[in-house]
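Numbering (the numbering used here), first residue to last: 21 to 258. Note that CB positions come from ideal geometry on N, CA and C, so glycine has one too. All values reported here derive from a predicted model rather than from experimental measurement.
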């Protein structure tokens, strides 16, 4: 199955929080989109790996993803080394995406920056024909995505570009709220965490509103780019 866009997240819910609206928009335009979670989020203070598996599957249905996989790397302890790079390379070569989205380049959680660099490095290495990889017993062909973009997470990083998601904010919210174990509800029990507060819940909207304000729309998501973003003409810019 060839995908147009493949989004990676260090944990289930990273993609929904960072670029769920953008994915929903691209899917509505006919793009084939998939998600690969690096870990099951098993070190999270709330819920469990099994609960988050079910929540990720529910979120995938809400977003109408073509596919969602989990590489089951060790939450908190995965590294950007050859073994982990090869696992990501297998996914890139399996789905042959034109665009890869991945974690923020710098963030509060140590896995986000690690995941960002791991996926970015694997995207480059995946294009080298002398690196051999196998999947389901078959030799894979080299493949390098045309672009790698990083969504923005906890920290207010300066975006290189923003995407209008005004018509898809409801889908983004619904996909995020599929992770009921992780976020604030008035009667929820469990340990306090930075994302299980009403402040964070409110921030999902007001951060997208603020990015939307910058381009004159209701809601937007921001991304940083590894290379210059090119346009065919000035008319392509809002």
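query	result
Is it right to say residue 53 is buried, meaning 16 or more other beta carbons lie within 10 angstroms of its own, or is it exposed?	buried
Identify the residues that DSSP records as bridge partners of residue 181: which are they?	243
Tell me, please, which residues DSSP counts as bridged to residue 88.	55
What does DSSP give as the partner residues of residue 167 in its beta bridges?	119
Looking at the secondary structure, which residues open and close the alpha helix (DSSP H) in which residue 145 lies?	130-145
What's the gap between the Cα of residue 110 and the Cα of residue 151?	11 Å
Are residue 67 and residue 248 closer than 9 Å when you measure CB to CB?	no
Does the ligand ATP have even one heavy atom less than 8 Å from the beta-carbon of residue 101?	The ligand ATP is absent from the structure shown, which contains no ligands of any kind.
What whole-angstrom Cβ distance do residue 184 and residue 235 have, given they're in contact under 8 Å?	7 Å
Let me know the secondary structure DSSP gives residue 252 once reduced to three states.	coil
From residue 241 to residue 123, what distance separates their C-alpha atoms?	13 Å
Over what stretch of residues does the alpha helix (DSSP H) that includes residue 232 continue unbroken?	218-235
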